[in-house]
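Asks: Sharing a structure, written as structure tokens. Questions coming.
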């Protein structure tokens with residue numbers, strides 16, 4: 001994740017520098033599109049990672065925790081029925 005952020009920042013900075021140094025037409029197509037893409041994609045990936053994947057407090061972590069607890073409750077109920 002850190003590598004993706006670092007690569008996005010480096011590429012965005014480098015593409016801006018190259019665009020300004022070499023002129024509008026040399027890097028305009030690639031640099032401008034990639035810069036705009038990275039300015040949207042990197043924060044979105046960060047948000048998705050932090051909200052859904054990162055820890056037990058994330059949405060996915062909480063959902064998985066709830067499913068595990070429900071499964072444990074079902075197993076305990078089955079054990080109690082079999083006694």
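In full-length UniProt numbering, the protein residues as written are 1 to 83.
Glycine included, every Cβ here is placed at the ideal spot set by N, Cα and C.
Using a threshold of 8 angstroms, state whether the C-beta atoms of residue 60 and residue 52 are closer than that.
Replies: Translated into the one-based positions of the chain shown, residue 60 becomes position 60. Translated into the one-based positions of the chain shown, residue 52 becomes position 52. Yes, Cβ-Cβ distance for residue 60 and residue 52 is below 8 angstroms.
Asks: What is the DSSP secondary structure of residue 83, reduced to helix, strand or coil?
Replies: The sequence position of residue 83 within the chain shown is 83, counting from 1. Three-state DSSP puts residue 83 in coil, outside helix and strand.
Asks: For residue 38, count the other beta carbons within 10 Å of its own beta carbon; 16 or more makes it buried, fewer makes it exposed. Which is it?
Replies: As a position in the chain shown, residue 38 is number 38, starting the count at 1. That one is buried.
Asks: Compute the Euclidean distance between the alpha carbons of residue 66 and residue 40, then round it to the nearest angstrom.
Replies: Here residue 66 refers to the residue found at position 66 when the chain shown is read from its first residue. Here residue 40 refers to the residue found at position 40 when the chain shown is read from its first residue. Each residue's alpha carbon lies about 32 angstroms from the other.
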